[in-house]
Amino acid sequence: MSEIGSINDIKTERFPILTKDNYREWIDLVEDALTSKGLWKYAIGSIEELEDSPEKEDYLRNSAKAVIFLKQAVGRDNRVHLI
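Count along the sequence shown from 1, add 1225, and you get the number used in the numbering used here.
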């Protein structure tokens, strides 16, 4: 079982809060941060959940890390827009 590195060392407070005017800057920073942790593919959904596989636990853990990071990075007012 392999685990992707901890997301704890990426501080979302270094990111600007997402607004209608700063998406390009924001997404560039988010993509770089998540890519550095091997989580970008989980954030954009290009890794599919594995059914009944030994790697399913890793998938669920890493997907949750990406979601938590995004929820923190978008700010409270924008969380309702995350799918």
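Think of the CB as a built atom: it goes at the ideal place given N, C-alpha and C, for glycine as much as any other residue.
Taking the C-alpha atoms as reference points, what is the distance between E1274 and L1285?
8 Å
Restricting to Cα atoms, I'd like to know which of F1240, Y1248 and A1258 is closest to A1291.
A1258
Less than 8 Å between the CB atoms is what I'm expecting for A1289 and F1240, so what's the real figure, rounded?
Actually they are not in contact, since the Cβ atoms of A1289 and F1240 sit about 19 Å apart, beyond 8 Å.
Considering only their Cβ atoms, is the gap separating W1265 from E1276 smaller than 8 Å?
no
For E1250, three-class secondary structure by DSSP
helix
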